[in-house]
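Colleague: A single structure is presented below for examination.
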Amino acid sequence: MRAVDAIMECLKAEGVEVVFGLPGGANLPTYDAFVDSEIKHILVRHEAGGGHAAEGYAKATGKVGVAFGTSGPGATNLVTPIVDAMMDSVPVVFMTGQIRSDLLGTDGFQEADTIGITMPGVKHSFMVTKAEEIPRTIHEAFYIARSGRPGPVVVDIPVDISRGEIDYVPVTDVSLPGYQPNIEGNAKQIRQAAKALAAAKRPVLYVGGGVVLGNASEELRALASSDRFPVTSTLMGLGSFPAEGQQWLGMLGMHGTRTANYSMDGADLICAIGARFDDRITGKLDEFAPNAKFIHIDVDPAEISKNVPAHIPIVGDVKSILPRLTSEYRAIGADSARLDGWLTTIEGWKKEFPLTYSDTTDSEIRPQYMVEAVYEATGGDAIICSDVGQHQMWVAQYYHFTEPRRWINSGGLGTMGFGLPAAIGAKVGCPDQDVVLVAGDGSIQMNIQELAACAEEGIAVKVLIMNNGCLGMVRQWQELFWQKRYSHVHMGDYPDFVKLAEAYGATGIRLTEKGTLVEDLRAAIATPGPVVVDVRVTEEENVYPMISPGMAARDMVG
Amino acid sequence: MMISESGTSEKLSLEELHASVGVRSGRKHVLSILVENKPGVLTRVAGLFTRRGFNIDTLAVGPTDDDAVSRITLTVDGAVHPIDQVTKQLHKLVNVLKIRDLEPADSLARELALFKVTVDGPQRSEVMQICDIFRGKVVDVSKESVIFEVTGTTEKITAFDQMLKPFGLVEMMRTGEIAIARGRDET
Ligand SMILES: Cc1ncc(C[n+]2csc(CCOP(=O)(O)OP(=O)(O)O)c2C)c(N)n1
Ligand SMILES: [Mg+2]
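These protein sequences, in sequence, are chains A and B. For the first sequence, this note's numbering begins at 19 and goes up steadily by one. For the second sequence, this note's numbering begins at 490 and goes up steadily by one.
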């Protein structure tokens, strides 16, 4: 069998439905195999688009995403999605073509050291040196990408190797002696954690993207309801716990709610679940949660005590650990009344410090209102993607996610241009759901070329551009921390997004009226095919509240 | 701390809980790392140190009795870096098979060094004597120079270096430490 046909067999065996990519000289043989394969390929217009689409697909479906690119510039264009996937622990296999093995190291045409360039940003990578190794390597790549803490795996195949013929024997097992993710979770530690929870008077469950990645949303809800534990979530964990009801504190961190941040500050026990104490969460590390002891549950042992020392570390899969923690806790029969004082304090904060903004009295659309309108128009029931900037924070604050895998954004790396291709990936993975992208007028331009892929493939994503005419988040920082010395944050009048949408074969709509915004958005979302809506919003509006960089949670402003 | 049975009413007090890891040990650590003998593995190990901001003090790489496996011995200053973070990050590399943080009391560490000194006349015999004391060997002699070979702990070699410095030391080569567990157990 041709090695490239074996590649298709392997992808099929891994359950791959779709590949996002763009061909070139070094992966011509592989692209030839697509002609006769059942595996769907979506032609993107830029490899970064393909990489982010694979991420969006993976985030929405929980399956491994796959992106292809050629050697040299094809591979370097994939660097951003690779690092993005690393930061957010997204399972994606990136397969790159490489120049002929006999030319390696000679600066041959379109040679780039893909393995070297991507090394610091991958979970693992493989350079294939023999055609016979291709099937095993692909299966190992998928296994590594999806197991343990998920992440990106690069498979680099020189073009002469992919031209080879092999005796294809399906691979049924992988053997990676140096890779054995621990998923069990130590029973004693789990019992200890239950006891600590029972002893705590001011507990908080601090949950992160690991709960979404580990498909443990149900298990988290069961733990939370085993008592009246207050729950806060990171940007990446939104949706793992419903953003409503008494126990929900709102998102925490730099643009989290005061209630969530004050709760962390006052807690005597914090149970971190699939979260990694990033600086956007902790603020000033020395003053983070000064009264708390920490339970830290994570599948990656290296996260434990990396930033904040854990008192009760539990390494393993949240999905298996949480139910055991819940039943241990229930068995103790702790007296819930001990939480009364704490919950009253929290209720007080919620009343005193709700998320608010000053709405307009005329037809001008506040960006926060736009998100509320999107919530209304979608019934809170769409897969919402975003780019990076103020709009991302406002969606996180004002779109109340109740289910996991409904919120797709670039958290760790904060990659502008992530949104549109990620929405494409989500829509391809979940064709029956509405996929709505809330984009920034800056960010959307970083991968807008993928509208062509939407139009050609009939991928009906609804792009709502929150158009504030500027690189809003940077403008906010210049306003607050650089004395309003605005430097290169205004983007002027171009492009005309409506015309651009039409040029790309999408429907283009412009909205400027607050009064009819909900209905107009509803109509736009109901319009078949890809739609781009240019929503004009207030320019000078800031995301609040805010923990200024390097400050403590107590010192939130706004 | 005792862990009681599931569901017992025995209470735990939060005050009793202590965070045990993430601390700096304050001493040098010798890590003996078994890795798959594949292209790029050393780059992955070294790259990880760069990316995480850890410093490698010495590094030695060599084969083992198994062709498919190499050994990397490296030393890290535990006063500067939390050693458990270093080892946990290393463990995440798919090609790393085993890491042993060798306790000084339970292991032997040795380094080999070559010193080239320019000496003549009466100084030459003085230098030779120092070499003797350190159980070094003279491995090359010319009219103006002598080369010594010394093996020993890092401390011993550093001491020898100090002694030779006043005599016109031309250059010094050190291998970095290798180490082995004492007793019957494998490293
Ligand atoms: C690729 C990339 N370049 C630069 C930045 C820095 N940055 C963060 S937010 C932001 C502004 C984004 O503007 P826009 O997409 O219009 O969103 P807004 O903040 O206005 O809602 C910039 C430039 C980034 N995150 N990513
Ligand atoms: Mg903007």
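Glycine residues also receive a C-beta, built at the ideal position from the N, C-alpha and C atoms.
For Ala-541(A), which of Leu-270(A), Met-574(A) and Lys-480(A) has the nearest alpha-carbon?
Modeller: One-based indexing of the first sequence puts residue 541(A) at position 523. With distances taken between Cα atoms, Ala-541(A) lies closest to Lys-480(A).
Colleague: Nearer than 8 angstroms: is that true of the beta carbon of Cys-488(A) relative to any heavy atom of ligand 2?
Modeller: The residue given as residue 488(A) occupies position 470 in the first sequence. True, at least one ligand heavy atom lies under 8 angstroms from that Cβ.
Colleague: I'd like to know whether the C-beta of Ala-349(A) is nearer than 9 angstroms to at least one C-beta of chain B.
Modeller: For this step, residue 349(A) is matched to residue 331 along the first sequence. Output row for Ala-349(A): interface = yes.
Colleague: When you measure from the CB of Asn-485(A) to every non-hydrogen atom of ligand 2, does any distance come out below 8 angstroms?
Modeller: In the first sequence, the residue the question calls residue 485(A) occupies position 467. Indeed, a heavy atom of ligand 2 lies less than 8 angstroms from the Cβ.
Colleague: Would you check whether ligand 1 has a heavy atom nearer than 8 angstroms to the C-beta of Pro-99(A)?
Modeller: Here residue 99(A) refers to the residue found at position 81 when the first sequence is read from its first residue. Pro-99(A): no, Cβ never under 8 angstroms from ligand 1.
Colleague: Assuming Pro-548(A) and Gly-74(A) form a contact by the criterion Cβ under 8 angstroms, report the distance between their Cβ atoms to the nearest whole angstrom.
Modeller: Position 530 of the first sequence holds residue 548(A). Position 56 of the first sequence holds residue 74(A). So it is not a contact: roughly 15 angstroms between Cβ atoms.
Colleague: So is Arg-513(B) in contact with chain A if we call contact Cβ pairs under 9 angstroms?
Modeller: Taking the first residue of the second sequence as position 1, residue 513(B) is located at position 24. It does not: the Cβ of Arg-513(B) has no partner Cβ on chain A nearer than 9 angstroms.
Colleague: Buried or exposed for Asp-459(A), please, with buried defined as at least 16 other CB atoms from any protein chain shown within 10 angstroms of its CB.
Modeller: Looking up residue 459(A) in the first sequence gives position 441. Buried, since its Cβ has 16 or more Cβ neighbours within 10 Å.
Colleague: Inspect the beta-carbon positions of Gly-87(A) and Gly-42(A) and report whether they are closer than 9 angstroms.
Modeller: Start at 1 with the first residue of the first sequence, and residue 87(A) comes out as number 69. Start at 1 with the first residue of the first sequence, and residue 42(A) comes out as number 24. Result yes, Cβ atoms of Gly-87(A) and Gly-42(A) sit closer than 9 angstroms.
Colleague: Looking at the structure shown, is Val-561(A) part of a helix, part of a strand, or coil, going by DSSP?
Modeller: Your numbering for residue 561(A) matches position 543 in the first sequence. Looking at Val-561(A) - three-state DSSP - the assignment turns out to be coil, as it is neither helix nor strand.
Colleague: Counting only beta-carbon atoms, is Gln-210(A) nearer than 9 angstroms to chain B?
Modeller: For the purposes of this step, residue 210(A) is taken as the residue at position 192 of the first sequence. Output row for Gln-210(A): interface = yes.
Colleague: Please say whether Val-336(A) and Glu-237(A) have beta carbons closer to each other than 9 angstroms?
Modeller: In the first sequence, residue 237(A) corresponds to position 219, counting from 1. In the first sequence, residue 336(A) corresponds to position 318, counting from 1. Contact flag set, yes.
Colleague: Span of the beta strand (DSSP E) holding Asn-485(A)?
Modeller: Start at 1 with the first residue of the first sequence, and residue 485(A) comes out as number 467. From DSSP, the beta strand (DSSP E) with Asn-485(A) extends over 480-485.
Colleague: How would you write the range of the beta strand (DSSP E) that Glu-660(B) sits in, first residue to last?
Modeller: Position 171 of the second sequence holds residue 660(B). Per DSSP, Glu-660(B) belongs to the beta strand (DSSP E) from 658-663.
Colleague: For Trp-425(A), write down the residues that DSSP places opposite it in a beta bridge.
Modeller: Within the first sequence, residue 425(A) is the residue found at index 407, counting from 1. According to DSSP, which records beta bridges pairwise, Trp-425(A) is partnered with Ile-402(A).
Colleague: Distance check for Val-110(A) and Val-171(A), CA to CA, integer angstroms please.
Modeller: Taking the first residue of the first sequence as 1, we reach residue 171(A) at position 153. Taking the first residue of the first sequence as 1, we reach residue 110(A) at position 92. Distance between the alpha carbons of Val-171(A) and Val-110(A): 6 angstroms.
Colleague: Does any heavy atom of ligand 2 sit closer than 8 angstroms to the C-beta of Gly-460(A)?
Modeller: Here residue 460(A) refers to the residue found at position 442 of the first sequence. At least one heavy atom of ligand 2 is nearer than 8 angstroms to the Cβ of Gly-460(A), so yes.
Colleague: Taking a cut of 7 angstroms between CB atoms, which residues from the region 529-549 of chain B lie near chain A?
Modeller: Hits within the stretch, in order: Gly-529, Thr-532, Arg-533, Gly-536 and Arg-540.
Colleague: The alpha helix (DSSP H) that contains Gln-410(A), what's its start and end?
Modeller: By one-based count along the first sequence, residue 410(A) stands at place 392. Segment 408-416, the alpha helix (DSSP H) holding Gln-410(A).
Colleague: Could you work out which residues of chain B lie near Tyr-393(A), taking near to mean beta carbons separated by less than 8 angstroms?
Modeller: As a position in the first sequence, residue 393(A) is number 375, starting the count at 1. Going along chain B, no residue has its Cβ under 8 angstroms from Tyr-393(A), so there is no contact; the nearest lies around 39 angstroms.
Colleague: Could you work out which residue in Ser-251(A), Pro-199(A) and Glu-56(A) is closest to Asp-296(A) when comparing CA atoms only?
Modeller: Taking the first sequence and counting its residues from 1, the one referred to as residue 296(A) is at position 278. Of the candidates Ser-251(A), Pro-199(A) and Glu-56(A), the one whose C-alpha sits nearest the C-alpha of Asp-296(A) is Ser-251(A).
Colleague: So if I threshold CB-CB distances at 8 angstroms, which residues from the region 310-328 of chain A count as touching chain B?
Modeller: So the close ones are Lys-311, Phe-312, Asp-318, Pro-319, Ala-320, Ile-322, Ser-323, Lys-324, Pro-327 and Ala-328.
Colleague: In three-state terms, what does DSSP make of Pro-195(A)?
Modeller: Counted from its first residue, the first sequence places residue 195(A) at position 177. Pro-195(A): coil per DSSP, three-state reduction.
Colleague: Unbroken beta strand (DSSP E) runs of length 3 or more, entirely within the region 508-533 of chain B: which are they?
Modeller: Correct list: 517-525.
Colleague: According to the neighbour-count rule (16 or more other Cβ atoms, all chains shown, within 10 Å of its Cβ), is Asp-552(A) buried or exposed?
Modeller: In the first sequence, residue 552(A) corresponds to position 534, counting from 1. Flag for Asp-552(A) reads buried.
Colleague: Could you work out which residue in Asp-358(A), Gln-210(A), Gln-265(A) and Thr-124(A) is closest to Ile-332(A) when comparing CA atoms only?
Modeller: Taking the first residue of the first sequence as 1, we reach residue 332(A) at position 314. Considering only alpha carbons, the answer is Gln-210(A).
Colleague: Assign Lys-141(A) to one of two classes, buried (16 or more other C-beta atoms within 10 Å of its C-beta) or exposed (fewer than that).
Modeller: Locating residue 141(A) in the first sequence gives position 123, where the first residue counts as 1. Classification of Lys-141(A): buried, given that the 10 Å Cβ count is 16 or more.
Colleague: Tell whether a beta-carbon distance below 9 angstroms holds between Ile-201(A) and Leu-343(A).
Modeller: Here residue 201(A) refers to the residue found at position 183 when the first sequence is read from its first residue. Here residue 343(A) refers to the residue found at position 325 when the first sequence is read from its first residue. No, Cβ-Cβ distance for Ile-201(A) and Leu-343(A) is not below 9 angstroms.
Colleague: If contact means a Cβ-Cβ distance below 9 angstroms, which residues of the region 392-417 of chain A contact chain B?
Modeller: Residues: none.
Colleague: Tell me, please, whether the CB atom of Gly-134(A) is closer than 9 angstroms to any CB atom in chain B?
Modeller: Looking up residue 134(A) in the first sequence gives position 116. With 9 angstroms as the cut-off, Gly-134(A) counts as an interface residue toward chain B.
Colleague: Would Gly-69(A) be called buried (16 or more neighbouring beta carbons within 10 Å of its own) or exposed?
Modeller: To locate residue 69(A), count along the first sequence from 1; it is residue 51. Buried, because 16 or more other Cβ atoms sit within 10 Å of the Cβ of Gly-69(A).
Colleague: Beta strand (DSSP E) containing Lys-311(A): first to last residue?
Modeller: Stepping through the first sequence from its first residue, residue 311(A) is reached at position 293. Start and end: 311-316.
Colleague: Determine, using beta carbons only, whether Gly-263(A) and Arg-424(A) come nearer to each other than 9 angstroms.
Modeller: As a first step, residue 263(A) must be located in the first sequence, where it is residue number 245. As a first step, residue 424(A) must be located in the first sequence, where it is residue number 406. Contact flag unset, no.
Colleague: Beta strand (DSSP E) containing Tyr-224(A): first to last residue?
Modeller: Sequence index remark: in the first sequence, residue 224(A) carries index 206 (1-based). Per DSSP, Tyr-224(A) belongs to the beta strand (DSSP E) from 221-225.
Colleague: Between Lys-581(B) and Asp-318(A), is the Cβ-Cβ spacing less than 9 angstroms?
Modeller: Locating residue 581(B) in the second sequence gives position 92, counting from the first residue. Locating residue 318(A) in the first sequence gives position 300, counting from the first residue. Yes, Cβ-Cβ distance for Lys-581(B) and Asp-318(A) is below 9 angstroms.
Colleague: Going by C-alpha to C-alpha distance, which of Thr-420(A), Val-392(A) and Gly-397(A) sits closest to Val-413(A)?
Modeller: Counting from 1 along the first sequence, the entry for residue 413(A) is found at position 395. Checked all of Thr-420(A), Val-392(A) and Gly-397(A); the closest Cα to Val-413(A) is Val-392(A).
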